[in-house]
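Engineer:
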Amino acid sequence: MEDGVWSSLSPLDGRYRAANPALWEKFSAYLSEEAYLRYQLEVEVALVEGLAAAGVCPPEAAAEVRAAAREVTPAEVAAEEERTRHNIRALVNCLQRRVSEEARPWVHFTATSADIMDTANALRLRAATREAVQPALLRLELALIRLAEREALTVQIGRTHGQHAVPVTFGYACAVYVDRLGQRIQAVETAARNLRGKLAGAVGAYNAASLFLPDARRFEEEVLGRLGLEPAGAATQIVEPEFVADYLHALVSTFSVLANLADDFRHLQRSEIAEIGEYFDPEQVGSSTMPHKRNPWNLEHVKSLYKEFMPRIVTVYLDQISEHQRDLTNSASSRFTVEVVAGLVLAAERLSGIIERLGLHREHLERNFAQARGSLVAEPLYLCLAAAGHPDAHEAVRRLTLEADRTGRPLLLLLEEHAELAPYAARFTPQQKAVLERPEEYVGLAGRRTFELCNAWRAALGLEGK
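For the sequence shown, the working numbering begins at -19 and goes up steadily by one.
1. What does DSSP give as the partner residue(s) for residue 333 in the beta ladder?
2. Kindly provide the ranges of any beta strand (DSSP E) runs that are 3 or more residues long and lie completely inside the stretch 100 to 182, ordered along the chain.
3. Spatial neighbours of residue 29 within its chain, please: CB distance less than 6 Å, with the 5 preceding and 5 following residues excluded, ordered by chain position.
4. Between which two residues does the alpha helix (DSSP H) harbouring residue 305 extend?
5. With 16 as the cutoff for other CB atoms within 10 Å, does residue 294 come out buried or exposed?
6. Do you know how far the Cα of residue 329 is from the Cα of residue 277?
7. DSSP on residue 61, reduced to helix/strand/coil?
8. Classify residue 324 as helix, strand or coil using the three-state DSSP reduction.
9. So, do the stretch 191 to 202 and the stretch 5 to 22 have three or more beta carbon pairs nearer to each other than 8 Å?
10. Just mark residue 307 as buried or exposed, buried being the case when its beta carbon has 16 or more other beta carbons within 10 Å.
11. Which class does residue -19 belong to by DSSP, given the choice of helix, strand or coil?
12. Take the Cβ of residue -10 as the centre, count every other Cβ of all protein chains shown within 10 Å, and call the residue buried at 16 or more, exposed below.
13. Are residue 24 and residue 113 closer than 8 Å when you measure CB to CB?
14. Does the contact criterion of 3 or more C-beta pairs under 8 Å hold for the stretch 155 to 174 versus the stretch 375 to 389?
15. Considering only DSSP beta bridges, list what residue 211 is partnered with.
16. Among residues of its own chain, excluding the 5 on either side of residue 131, which ones have a beta-carbon nearer than 6 Å to its beta-carbon?
17. Only counting runs of 4 or more residues, tell me where the alpha helix (DSSP H) segments fall wholly within the stretch 353 to 404, in order along the chain.
18. Just to confirm, is the Cβ distance from residue 71 to residue 318 under 8 Å?
19. Taking the straight line between their C-alpha atoms, what separation do you get for residue 252 and residue 223?
20. Measuring alpha carbon to alpha carbon, tell me which of 221, 96, 123 and 107 ends up nearest residue 314.
21. Are the stretch 280 to 299 and the stretch 226 to 238 in contact at 8 Å, needing three or more beta carbon pairs?
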């Protein structure tokens, strides 16, 4: 990597680019200023081609503009913007210099700047989603599915509020995230597909286009159709901002799922729990002063990325407000929204690498389960007593648990000695007794639901056979 990355201000273009140059090439192809210019040029070309198809300008003009668009460079446009102090006028001037006098009038004809910028933004976000976001999320989903299936029947003590609850399986704990992430993947895809463009002119009412076209709305639909987009329902000078807001909300809510997963897996690596462990390279250092440390830093890094990018959704909501037909209070803030795309992909890629090489400390899973074994039958015991007719089973078992805590004796042993409860216990079925004696079997549908969820999401996301 060239030395220049170390002089950049943004960690994205410095540390992260240096760490993964291949991923940065992919980001650059869709999210960079150069890429944005390329999509703006694509919109300008589609506009002139639409004008030619409508008989407004000669076909030769469209061919000239397409050829010129291939030659315009970011440096040239930037230099022109220094002179004009206007980015789209600079782009238009650079195009016009490369075409004949006959073709020049048709460059940007009937369009306003936001027509080009908003449409180009929709195009690049769609492309970035297809080529970078969805592949990263699908890789993570597949890693979670494989882990969930592998450990579908691995019994684990469940935890609510950080306290031992009732048994679950580690696979089912993973399958919950399979389901949550699967829903978010679909939400991102839906929101990206619904991004819109516009060619409705300066205030969105087709004023300019209506001078030359019998149906300016139909013309807009046809030109945007060339780009694979639909028009906004009712634009002002800008596309209705909710399309981009919905897209970024889908990204940020996906980020929340990733951060929640990272938190759960990070806590399972705490010294006193130690049920899982992320891969630790033989040359890796956990602490500058404590050689024994093996910190879950990758999972912490995902949470840290989330803390940076999640709050940006507030700016997105603020950018929904634009006075009257348009103002420029979002001109700076909206430039940073593409970084949310990059941040999410970075987090997903890092999580995938962790999960694909995640190890379980089965002896610690068994140890932690054994530690809770004496008390975790409280729920099934209360339910069995209630089913046997006890009028206040929950309170009876609650009192038993207090005695068990005080004496250190198992609940079932105390049950046997409890004269008031004995008649009810005598009515327990063999299946109920078996669960009380072997609480590791008290996992309900955890295993079955794990496989059902994994199979459903494999099918829904086209991951069969992987």
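Here a beta-carbon is modelled for each residue, glycine too, at the ideal position from N, C-alpha and C.
Structural biologist: The answer reads as follows:
1. As a first step, residue 333 must be located in the sequence shown, where it is residue number 353. Listed as beta-bridge partners of residue 333 by DSSP are no residues whatsoever.
2. Scanning the stretch 100 to 182 for uninterrupted beta strand (DSSP E) segments of 3 residues or longer gives 135 to 140 and 143 to 149, listed from N- to C-terminal end.
3. Within the sequence shown, numbered from 1, the residue matching residue 29 stands at position 49. The answer, listed in chain order, is 42.
4. For the purposes of this step, residue 305 is taken as the residue at position 325 of the sequence shown. No alpha helix (DSSP H) holds residue 305; DSSP gives it neither H nor E.
5. Here residue 294 refers to the residue found at position 314 of the sequence shown. Exposed, by the Cβ-count rule.
6. On the sequence shown, position 297 is the one that residue 277 refers to. On the sequence shown, position 349 is the one that residue 329 refers to. In this structure, the alpha-carbon of residue 277 lies about 15 Å from that of residue 329.
7. The residue given as residue 61 occupies position 81 in the sequence shown. Of the three classes helix, strand and coil, the one that applies to residue 61 here is helix, per DSSP.
8. One-based indexing of the sequence shown puts residue 324 at position 344. If DSSP states are grouped into helix, strand and coil, residue 324 belongs with the helices.
9. Taking 8 Å as the limit for Cβ pairs, the verdict is that the stretch 5 to 22 does not touch the stretch 191 to 202.
10. Against the sequence shown, residue 307 aligns to sequence position 327. Exposed: under 16 other Cβ atoms inside 10 Å.
11. Numbered from 1 along the sequence shown, position 1 holds the residue referred to as residue -19. Confidence is the limiting factor: at residue -19 the pLDDT is only 44, short of 50, which leaves the residue's position unreliable and the question unanswerable from this model.
12. On the sequence shown, residue -10 is found 10 positions in, with the first residue counted as 1. Looking at its Cβ environment, which holds fewer than 16 other Cβ atoms inside 10 Å, residue -10 is exposed.
13. Along the sequence shown, one-based indexing puts residue 24 at 44. Along the sequence shown, one-based indexing puts residue 113 at 133. Taking 8 Å as the cut-off, the Cβ atoms of residue 24 and residue 113 do not count as close.
14. The answer is no - the stretch 375 to 389 does not touch the stretch 155 to 174, with fewer than three Cβ pairs under 8 Å.
15. For this step, residue 211 is matched to residue 231 along the sequence shown. According to DSSP, residue 211 bridges with 177.
16. Numbered from 1 along the sequence shown, position 151 holds the residue referred to as residue 131. Result list for residue 131: 150 and 151, in chain order.
17. Runs found: 358 to 367, 373 to 387 and 391 to 397.
18. In the sequence shown, the residue the question calls residue 71 occupies position 91. In the sequence shown, the residue the question calls residue 318 occupies position 338. Going by C-beta atoms, residue 71 is not nearer than 8 Å to residue 318.
19. Counting from one through the sequence shown, the residue named residue 252 turns up at place 272. Counting from one through the sequence shown, the residue named residue 223 turns up at place 243. Using only the alpha carbons, I get a separation of about 46 Å.
20. Here the question's residue 314 lines up with position 334 in the sequence shown. Checked all of 221, 96, 123 and 107; the closest Cα to residue 314 is 221.
21. Output reads yes: the stretch 226 to 238 touches the stretch 280 to 299.
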